[in-house]
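**Q** First to last, the protein sequences are chains A and B. Residue numbers 560 to 799, in the numbering used here, belong to the letters of the first sequence in order. Residue numbers 1083 to 1205, in the numbering used here, belong to the letters of the second sequence in order.
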Amino acid sequence: MAESALTNTGATLTPPAGWRGLVADWASDQRAFKNVSWGKAMMWIFLLSDTFIFSCFLLSYMTVRISTPVPWPNPSQVFALHIGGTEIPLILIAIMTFVLISSSGTMAMAVNFGYRRDRVRTAALMLATAALGATFVGMQTFEWTKLIMEGVRPWGNPWGAPQFGSSFFMITGFHGTHVTFGVIFLIIIARKVLRGDFDRAARGFFTSRKGRYEIVEIMGLYWHFVDLVWVFIFAFFYLW
Amino acid sequence: MPHAGAHAEAQRHPQARAHVEGQQHPIKLYLVVWGWLFVLSAFSYLVDYFHLQGYLRWFLILLFMILKAGLIVAVFMHMAWERLALVYAILVPPVAVLVFVAIMVFESDYTLLTRLLFFGTGS
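1) Kindly list, in the order they appear in chain A, the residues whose Cβ is closer than 7 angstroms to that of residue 1110 (chain B).
2) For the segment 660-668 of chain A against the segment 746-757 of chain A, do three or more pairs of beta-carbon atoms, one drawn from each stretch, fall closer than 8 angstroms, so that the two count as touching?
3) Express the C-alpha separation of residue 611 (chain A) and residue 1172 (chain B) in angstroms, rounding to a whole number.
4) Excluding the five sequence neighbours on either side, which residues of its own chain have a C-beta within less than 6 angstroms of the C-beta of residue 687 (chain A), listed in chain order?
5) List the residues that DSSP assigns as beta-bridge partners of residue 762 (chain A).
6) Report the residue from B:1140, B:1148, B:1194 whose alpha carbon sits nearest the alpha carbon of residue 791 (chain A).
7) Find the nearest neighbour of residue 778 (chain A) within the set A:599, A:767, A:631, judged by alpha-carbon distance.
8) So with Cβ pairs under 7 angstroms, would you call residue 1186 (chain B) a contact of chain A?
9) Report the rounded CA-to-CA distance for residue 786 (chain A) versus residue 704 (chain A), giving the unit in angstroms.
10) Would you mind stating whether residue 734 (chain A) and residue 788 (chain A) have Cβ atoms separated by less than 7 angstroms?
11) Please report the Cβ distance between residue 784 (chain A) and residue 771 (chain A), rounded to the nearest whole angstrom; I am assuming they are in contact, meaning their Cβ atoms lie under 8 angstroms.
12) Of the residues A:774, A:584, A:742, which one's Cα is nearest the Cα of residue 689 (chain A)?
13) Quick check: the Cα distance between residue 576 (chain A) and residue 1156 (chain B), rounded to an integer number of angstroms?
14) Are there 16 or more other CB atoms within 10 angstroms of the CB of residue 601 (chain A), so buried, or fewer, so exposed?
15) Apart from the five residues just before and just after residue 623 (chain A), which ones in its own chain have a Cβ nearer than 7 angstroms to its Cβ?
Shown next as structure tokens:
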């Protein structure tokens, strides 16, 4: 028993589940995350820190919106578009939401095909995800251009509280940057998948570690997080 | 006896065995979640489209937001199949943000009060 504990790293012994497992994992004086690789754990911890960054942005937006005596511009009208002679409220934001959710769906399927070692389908789905992400950024650029031409600046706008502009550019800009970097990394990983790097465990350029299909799931975690942040921005900034 | 219990747990939680090949779930599950995310997004858009106001609006916005976030984290990010040690390490710390929200609501209400007292009602 003691020998197996020394020679095995917990892969063959089945660790207890539930609350007992939680205590046992954290008290085991080895690694706390038993069946999660360091890459995946680090991505989760990075996402946790990113959660706090976006939380601070949304909190500062909440603070300026509550504390200003000037009326806040109505996002429903600010982000409305004239299509076919009628004004449709928030339509561009709604389309952007659907585009980003669809990209999350294709990403989830890419992870699945990755673990099935279906090289071509994984790469195709990742590239579809990247294309949807790029579409999202494109629509955001259109939205920024429209608002800037209408006179929205970080220090003022024609409709009400001047903090609207700074909150808008800060929050959506930081989110758009995340999407942009996600698209870049999606293309890089998709190229590796297509080249078969993870089938022959080719060593990575920076880390020199053997490539595994798990990197697709780690990439997926980041991408779903970007979608997750948009859920909160959509609710608090555009709908509230 | 504890070993037998652990073994039974492993039968019920296949992720303990799926160490090598990683997360494996049917594609259908992802498509169903995708569909639900579409429906929930459409609902939250309709909240704005039909100009619902007041507490009903805020309640519905938060409800659809939490449901969507839960689906993404649980299924798309596979949190539902992770061990509790990771789940709690990631999901408990953001609760502190809620405390921060409460603090800042007090703070901004006070700022608003002083602005109204010293600068009048308008800009």
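We put the CB at the ideal spot given by N, CA and C, even for glycine. Remember, it's a predicted structure, so these values are computed and weren't measured experimentally.
**A** Looking at the coordinates:
1) Counting from one through the second sequence, the residue named residue 1110 (chain B) turns up at place 28. Within 7 angstroms Cβ-Cβ: nothing; residue 1110 (chain B) doesn't reach chain A, min ~11 angstroms.
2) Because the criterion of three Cβ pairs below 8 angstroms is not met, the segment 660-668 of chain A and the segment 746-757 of chain A do not touch.
3) Looking up residue 1172 (chain B) in the second sequence gives position 90. Looking up residue 611 (chain A) in the first sequence gives position 52. Approximately 12 angstroms between the Cα atoms of the pair.
4) Residue numbering aside, residue 687 (chain A) sits at position 128 when the first sequence is read from its first letter. Contacts found: 665.
5) Counting from one through the first sequence, the residue named residue 762 (chain A) turns up at place 203. Answer is A:769.
6) The residue labelled residue 791 (chain A) in the question sits at position 232 within the first sequence. Nearest C-alpha to residue 791 (chain A): B:1148.
7) As a position in the first sequence, residue 778 (chain A) is number 219, starting the count at 1. Residue 778 (chain A) has its Cα closest to that of A:599, out of A:599, A:767, A:631.
8) Taking the first residue of the second sequence as 1, we reach residue 1186 (chain B) at position 104. It does; some Cβ of chain A falls within 7 angstroms.
9) Here residue 786 (chain A) refers to the residue found at position 227 of the first sequence. Here residue 704 (chain A) refers to the residue found at position 145 of the first sequence. Roughly 23 angstroms between the two C-alpha positions.
10) Position 175 of the first sequence, counted from the first residue, corresponds to residue 734 (chain A). Position 229 of the first sequence, counted from the first residue, corresponds to residue 788 (chain A). The answer is yes: Cβ separation under 7 angstroms.
11) If you number the first sequence from 1, residue 784 (chain A) lands on position 225. If you number the first sequence from 1, residue 771 (chain A) lands on position 212. The pair is not a contact, with the Cβ atoms about 21 angstroms apart (cut-off 8 angstroms).
12) Against the first sequence, residue 689 (chain A) aligns to sequence position 130. Among A:774, A:584, A:742, the Cα nearest to that of residue 689 (chain A) belongs to A:742.
13) Here residue 576 (chain A) refers to the residue found at position 17 of the first sequence. Here residue 1156 (chain B) refers to the residue found at position 74 of the second sequence. About 18 angstroms.
14) On the first sequence, position 42 is the one that residue 601 (chain A) refers to. Label assigned to residue 601 (chain A): exposed.
15) Against the first sequence, residue 623 (chain A) aligns to sequence position 64. The residues are 722, 726.
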